[in-house]
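Colleague: For the record, in the sequence shown the residue sitting at position 77 is 77 according to full-length UniProt numbering, with numbers rising by one throughout.
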Amino acid sequence: MKEKRELTCIGCPMGCMLEVSLEENKVVDVKGNTCMRGKVYAEKECTNPTRIVTSSVKVRNGEVGAVSVKTDADIPKDKIMECIEELKGIVVEAPINIGDIIVKNIAGTKVNIIATKGIAKGN
1 MKEKRELTCI
11 GCPMGCMLEV
21 SLEENKVVDV
31 KGNTCMRGKV
41 YAEKECTNPT
51 RIVTSSVKVR
61 NGEVGAVSVK
71 TDADIPKDKI
81 MECIEELKGI
91 VVEAPINIGD
101 IIVKNIAGTK
111 VNIIATKGIA
121 KGN
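#1: Going by C-alpha to C-alpha distance, which of 84, 67 and 80 sits closest to residue 91?
#2: Looking at the structure shown, is residue 66 part of a helix, part of a strand, or coil, going by DSSP?
#3: Rounded to a whole number of angstroms, what is the C-alpha to C-alpha distance between residue 5 and residue 57?
#4: Identify whether residue 115 lies in helix, strand or coil by the three-state DSSP scheme.
#5: Spatial neighbours of residue 118 within its chain, please: C-beta separation below 7 Å, excluding the five flanking residues on both sides.
#6: Which residue's Cα is closest to the Cα of residue 64: 120, 1 and 3?
#7: Buried or exposed: where does residue 104 fall if 16 or more other Cβ atoms within 10 Å of its Cβ makes it buried?
#8: Where do the N-terminal and C-terminal ends of the beta strand (DSSP E) with residue 19 fall, by residue?
#9: So, is residue 28 buried or exposed, given that buried needs 16 or more other C-beta atoms within 10 angstroms?
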């Protein structure tokens, strides 16, 4: 089965409009890219889309009540909701440093959730 998809590339600041041709869920042609990053992005987005997830978790005994977090690598797009569900009940103890691992192997992805902000202990 032949299929065409249109994407806006996010591989570089150019934002090329891509036309991707697929046959049996395999990329057979990419048009519109001005650099190789566009081709790579199109292939990945059409066959195995992934995303960085950002969120926040509660902080106990901190100067503020929450810390921003993110995945330290892309996770499969179909694991995003599972990742968010796992984060809902997480509470961490202050102090928190940027880069601290908050959750290891989130949603079985082998990707960690890390803090993106430092939170000092509150008074």
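The C-beta atom is built at its ideal place from N, Cα and C for all residues, glycine as well. No experiment lies behind these values; they were computed from the predicted model shown.
Modeller: In this structure, then:
#1: Per the Cα distances, 67.
#2: Strand at residue 66.
#3: Distance between the alpha carbons of residue 5 and residue 57: 36 Å.
#4: Per DSSP, reduced to three states, the secondary structure at residue 115 is strand.
#5: Excluding sequence neighbours, residue 118 sits near 96, 97 and 98.
#6: In terms of Cα proximity to residue 64, the closest of 120, 1 and 3 is 120.
#7: Of the residues assessed, residue 104 falls on the exposed side of the cut-off, its CB having fewer than 16 other CB atoms within 10 angstroms.
#8: 17-23 is the extent of the beta strand (DSSP E) around residue 19.
#9: By the Cβ-count criterion, residue 28 is exposed, with fewer than 16 other Cβ atoms from all chains shown falling within 10 Å of its own Cβ.
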